[in-house]
Every structure is written in structure tokens, then in C-alpha cells.
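Residue numbers (the numbering used here): -4 to 238.
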């Protein structure tokens, strides 16, 4: 009996001249399937598609830049920053958002990371952001928080500009007080900051999460919550944020 196998086709394309010997034909089909799967696995790396390149995001970046140039108001509404402020912040944090080893593969550009971070703060859904910026759904918050962390940890005076009045000099305190006094025709004196607070309801934390002080997160309204306080000067600029 002679069996002819074409490994470029599927299992049903096996031709044999002895229909009574099905066992040999079955073995031949298994061998054909094994070789076909081996060839297919060579196309992928560890079961994944080849890594993406930076150029995959060129179209997305073009849309962002087009929005900055042609639709300033919409851009500001989406990202809560004017195009000029956006570019200035991107220039400051860009070195922190680039990979340590630039290989041109699996690399999300800094401008997209900043867009993700700002849209997260603006309330964007990870589903919509994944579709809009062409990043996997399970990486939206990862890349977005990279940008937000870079902003938070920056020592650049333009970004590191929230200074508590507790550490202000006498001259700085006088300037803060003068701002509030001017708003009231100098009838309201001695005020250096105006603040308010809010709590975010949450489930009961564990001892490990709050270093054993669980009761500190229980509010007078009868539920557990995370607190946030913020203070601003007479120009509505934040001077202190505490959580």
C-alpha cells in the first residue's frame, strides 16, 4: 500500500490506494496534523502574535495632533488641558514614559500614555479608551497610571507646585492672606486658604491594608470611607491636598 501526504493541506486530503487499511491512514493523518501544527506554531512566539511596533500607533497620534491643531475647545474639554499645557507637561514627563531599552517593539508612545491618564481622570471607560487608542483593555489603566505617576513624582517646578501653607515662609503667608483680604475689600483678614473635604464610600478594609487601624475609616454616617481634603488660595489654585 502507498500513502501520499500533502502537509500543506488539511487532514482530509490524504490519498491512499488500499481502503481496507484505515489504521495506517489514521496514523498518517496524525503525523500530518502534527507537522501542520508545528509549522503554525512557528508563526507565533509562545502562543502570542509578534510584538507590535511603535508605528502601529502613528494613526492614533495623527488624530490626537489633528485635534490639538484644529479643535482646541474639544481637546481642552476632553483632556482638561489646553493644547499648550498638554505639550508642556508631555515634554516634562516624556523621559519617564519611554522604555529603558528602546527596541521599537511593544512600545506605547508617551503621548498616548498621557492621553490615557488624563481621560481616566476625566471619567473615561477603559472599554472606550481601549478602542480609541488601540491598546489592550487590560493595559489601559497600567499605561494611564504610568503617566499620572510621572506627573506626581516630577520635581519640575511647573508640576511640583502644590505647597502646603504649613511650610510657607512669612512672605508667602502674607501674600496668601493679602489675596483673600483683597476679595473682601480687606474686611476679611487672617485667611490663607479655603478648603473642603469629601469621603468615598468603600468596603471594610483589612488590617493589612490600613496597618491595623480599621476603625479610623468608619464614618459617623455608618459606613467605611476614604477621606480627601483639599485647600486652595484666593485664585482657586490648590495649595494642599491630603488623603
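Even for Gly, the Cβ is constructed at its ideal location relative to N, Cα and C.
Please read all numbers here as calculations on a predicted model, not as lab measurements.
Where the alpha helix (DSSP H) through residue i begins and ends
i           : result
residue 74  : 67 to 74
residue 80  : 78 to 92
residue 139 : 135 to 148
residue 129 : Run containing residue 129: none; DSSP gives neither H nor E here.
Rounded separation between residue i and residue j - CA only
i           : j           : result
residue 130 : residue 124 : 8 Å
residue 229 : residue 51  : 46 Å
residue 250 : residue 109 : Examination of residue 250 is not possible in this model, given that the chain is present from -4 through 238 alone.
residue 67  : residue 180 : 37 Å
residue 119 : residue 183 : 41 Å
residue 222 : residue 195 : 6 Å
residue 163 : residue 132 : 44 Å
residue 82  : residue 205 : 38 Å
Residue i vs residue j beta-carbon contact at 7 Å
i           : j           : result
residue 138 : residue 111 : yes
residue 187 : residue 160 : yes
residue 56  : residue 106 : yes
Residue burial classification, residue i (beta-carbon count within 10 angstroms, cutoff 16)
i           : result
residue 166 : exposed
residue 128 : buried
residue 122 : exposed
residue 92  : buried
Proximity winner among the options, relative to residue i (alpha-carbon distances)
i           : options       : result
residue 103 : 158, 115, 141 : 141
residue 146 : 63, 87, 55    : 87
residue 64  : 162, 91, 77   : 77
residue 220 : 238, 144, 95  : 238
Chain B within 7 Å of residue i, Cβ atoms only
i          : result
residue 57 : Within the model displayed, chain B is absent; a lone protein chain is all it includes.
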